[in-house]
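To keep things clear, I will list the structure first and then write my remarks on it.
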Amino acid sequence: MQDAPRFLLGHNSVTVSQPLLITGCKELLTLRGSVPRRGNAMRDLGVVRDGAVLVRDGTIIATGPRRQVARLSEASIAKTLDLGGRVVLPGFVDSHTHLIFPASRAAEYEQRIAGATYEKIARKGGGILSTVRALRRAKPEALKTRALAALRQFAAHGTTTLEAKSGYGLDAQSELAILRLLSELHQEQPVDIHSTFLGAHVVPPEFRGRAEAYVDFLARELIPTIALSGLAEFCDVFCDRGAFTIAQARRVLTAGRSCGLVPRVHAEQLSRTGAARLAIELDAASADHLEKINSADIRSLAASNVVATLLPGCSFHLGLGHYAPARKLLDAGAIVALATDYNPGSSPTLSLPMIMSLACSQMRMSPAEAIAAATINPAFSLRRHTRIGSIEVGKYADLAIFDVEDYREIPYYFGVNYCVMTMKRGEIIYSRDAN
Ligand code: NIG
Ligand code: FE
């Protein structure tokens, strides 16, 4: 609530803030029910027509049809926010971003259009390594200013929680600086940020030709230091051709796990390495990308609790024409999530609605599946599903409000932002009218 009036309630002088009653939800997509979502449950959005949400101290205390919610005694003392007939859904949870980087790589974009490949550019020292060189030279304030601008855009597109990886520093000092910046940003602005250590993004220049020595340094020194700092919750590896092998990835993720960092894996993007199977073996929170998985991988993922996190922005931006087999994963019963993979090389977008458009049009996900994959399932992959990802009593009032008639129009209208308001714990953090 913007002005959060507070008053004394009852004889025991407990201070409580005034509740907020949100009405005018033409379609309220509650996503109530089972977590995580698989199979047919992916299509069950728990839609309430003419819905309402009652919020106190940032938490949902009632939700359902407006007539029922409005009858509650708490509702009679609430301030009302009438959304005027919009589609309201849980704030998006973007479970794969590389938030901190110093500059775009638009020059490489142009080179790729002219025929160079992502991997060829990387082999020549461009790609991720060019961002690493630029980040090491960058001023901390400049990194922060860029990240804050990006976070405002994430919020403007309906995202209320995101995961963010380090991985463009690749030495102790710069990796720690990135993670410290993420922690600062988490404190200072409203979008929640959960951090991942991605020291194993590529082999840094100082270790050129000595990948094993770098992995040794990560496992013995940097991972324990990062874990001790408390600055990361997860540990990720880019396990692929031109990055790290399965054996190296296993060593990094095992080292992380023994210090309490939960594994996530960049798996099977450029080539099939067996990284998805490694993710399952290590009980990773998620296996991300998966463009190159085979039928056995699909069956194994479906039988696991590893979230299959698809990043169609990469295939789109790199012009690969080949997308991860979302339909097969969904039909097999895998826990599917969608994320932007916001980064300067392969997916420079922070719009989950755009990613949902790609998921529907290019990977044949239904609009309902895409919404579950951008809310409750990524909340599960971030281990935050008890507080976010659906509109249910006891969860944070994190809401995305779209100026559309029907939720299917969210992916349908691609490339245009119809998000008109975003709320984080009951506070308006973005409003189109105010911008
Ligand atoms: O998820 N695959 C590795 N990392 C990123 C790309 C990073 C970059 O090109 O800067 C990804 O696609
Ligand atoms: Fe990535």
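According to my numbering, the sequence shown is numbered sequentially starting from -13. Beta carbons are placed, not taken as given, at the ideal position from N, Cα and C, and that holds for glycine. These figures come from a predicted structure and were not determined experimentally.
Neighbourhood of residue i by C-beta, 8 Å cutoff - its chain only, sequence neighbours within 5 removed
{"i": "Ala199", "result": "Phe193"}
{"i": "Arg98", "result": "Tyr104, Ile107, Leu304, Gly305"}
{"i": "Tyr393", "result": "Glu13, Leu15, Leu31, Val33, Val73, Leu75, Pro353, Ala354, Ile357"}
{"i": "Gly(-4)", "result": "At Gly(-4), the pLDDT of 43 sits below 50, so the modelled position is not reliable; the number obtained from the coordinates is stated separately. Cβ neighbours of Gly(-4) beyond the five flanking positions: none."}
{"i": "Glu391", "result": "Lys12, Val73"}
Boundaries of the beta strand (DSSP E) in which residue i is found, first to last residue
{"i": "Ser272", "result": "272 to 275"}
{"i": "Gly70", "result": "65 to 76"}
{"i": "Pro51", "result": "45 to 51"}
{"i": "Met28", "result": "Where Met28 is concerned, there is no enclosing beta strand (DSSP E), given that its DSSP letter is neither H nor E."}
{"i": "Ser417", "result": "413 to 417"}
{"i": "Leu148", "result": "145 to 151"}
Spatial neighbours of residue i in its chain, beta-carbon cut-off 6 Å, leaving aside the 5 residues before and after
{"i": "Ala271", "result": "Val248, Arg250, Ser367"}
{"i": "Arg418", "result": "Val406"}
{"i": "Val402", "result": "none"}
{"i": "Leu256", "result": "Asp226, Arg227"}
{"i": "Ala27", "result": "Ser20"}
{"i": "Ala261", "result": "Cys225, Val251, Ala253, Glu254"}
{"i": "Ala345", "result": "Pro298, Leu324, Met351, Ala356"}
{"i": "Ala446", "result": "There is no way to answer for residue 446, as the model of the chain reaches only from -13 to 421."}
{"i": "Asp283", "result": "Ala262"}
{"i": "Phe183", "result": "Ser152, Ile212, Ala218, Cys221"}
{"i": "Tyr309", "result": "Pro298, Ser301, Gln348, Met349"}
{"i": "Pro176", "result": "Lys410, Ile415"}
{"i": "Leu208", "result": "Ala158, Gly185"}
{"i": "Arg122", "result": "Ser160"}
{"i": "Pro364", "result": "Val79, Ser81, Ala323"}
Residue-chain proximity (residue i, chain B), Cβ-Cβ < 8 Å
{"i": "Leu137", "result": "Absent here is chain B; the protein component of the structure consists of one chain."}
Identified DSSP bridge partners for residue i
{"i": "Thr103", "result": "None; Thr103 has no bridge partner."}
{"i": "Leu40", "result": "Leu7, Ala48"}
{"i": "Pro193", "result": "It is Phe, not Pro, that sits at residue 193 in the sequence shown. Answer is none; Phe193 lacks a bridge partner."}
{"i": "Thr295", "result": "Asp274, Ala323"}
{"i": "His252", "result": "Phe224, Asp274"}
{"i": "Cys405", "result": "Phe388"}
{"i": "Asn329", "result": "Ser333"}
{"i": "Tyr382", "result": "Thr45"}
{"i": "Leu268", "result": "Leu268 is not bridged to any residue."}
{"i": "Leu15", "result": "Val33"}
{"i": "Val79", "result": "Thr147"}
{"i": "Lys410", "result": "Glu413"}
Span of the alpha helix (DSSP H) around residue i
{"i": "Ala186", "result": "Unbroken run through Ala186 is the beta strand (DSSP E), 178 to 186; no alpha helix (DSSP H)."}
{"i": "Glu60", "result": "59 to 62"}
{"i": "Ile209", "result": "209 to 215"}
{"i": "Phe87", "result": "Unbroken run through Phe87: none, as it is neither H nor E."}
{"i": "Cys346", "result": "338 to 349"}
{"i": "Ala142", "result": "126 to 142"}
{"i": "Ser160", "result": "158 to 174"}
{"i": "Thr117", "result": "114 to 123"}
{"i": "Ile357", "result": "353 to 359"}
{"i": "Thr240", "result": "232 to 244"}
{"i": "Leu315", "result": "312 to 318"}
{"i": "Pro22", "result": "Looking at the DSSP string, Pro22 is not in any alpha helix (DSSP H), and its letter there is neither H nor E."}
{"i": "Asn363", "result": "362 to 367"}
{"i": "Glu395", "result": "395 to 398"}
{"i": "Leu287", "result": "281 to 288"}
Any non-hydrogen atom of the ligand FE closer than 7 Å to residue i Cβ
{"i": "His180", "result": "no"}
{"i": "Asp226", "result": "no"}
{"i": "Asn329", "result": "yes"}
{"i": "His468", "result": "The chain is shown only over -13 to 421; residue 468 falls outside these bounds and no answer can be derived."}
{"i": "His252", "result": "yes"}
{"i": "His172", "result": "no"}
{"i": "His82", "result": "yes"}
Close beta carbons around residue i, own chain, < 7 Å, minus the five adjacent residues each side
{"i": "Ser333", "result": "Leu297, Gly299, Cys300, His303, Thr326, Asp327"}
{"i": "Val223", "result": "Ala186, Phe230, Ala235, Val238, Leu239, Val251, His252"}
{"i": "His172", "result": "Asp178, Ile179"}
{"i": "Ile232", "result": "Cys225, Thr259, Gly260, Ala261, Leu264"}
Proximity test, residue i beta-carbon vs the ligand NIG heavy atom, cut-off 7 Å
{"i": "Gln97", "result": "no"}
{"i": "Gly10", "result": "no"}
{"i": "Cys300", "result": "yes"}
{"i": "Thr259", "result": "no"}
{"i": "Ser20", "result": "no"}
{"i": "Thr117", "result": "yes"}
{"i": "Ser215", "result": "no"}
{"i": "His480", "result": "Shown here, the chain extends from -13 to 421; a query on residue 480 therefore has no answer."}
{"i": "Gly111", "result": "no"}
Count Cβ pairs between the segment 35 to 48 and the segment 373 to 389 that sit closer than 8 Å; are there 3 or more?
With a cut-off of 8 Å on Cβ pairs, the segment 35 to 48 is in contact with the segment 373 to 389, counting three or more such pairs.
Answer yes if the segment 141 to 148 comes into contact with the segment 110 to 117, meaning at least three C-beta pairs across the two stretches below 8 Å, and no otherwise.
They do not touch, by the three-pair rule.
Hey, is the segment 154 to 167 in contact with the segment 82 to 92, meaning 3+ C-beta pairs nearer than 8 Å?
In short, these stretches touch, since the Cβ pair count reaches three.
Are three or more beta carbon pairs between the segment 47 to 63 and the segment 387 to 404 nearer than 8 Å?
The segment 47 to 63 is not in contact with the segment 387 to 404.
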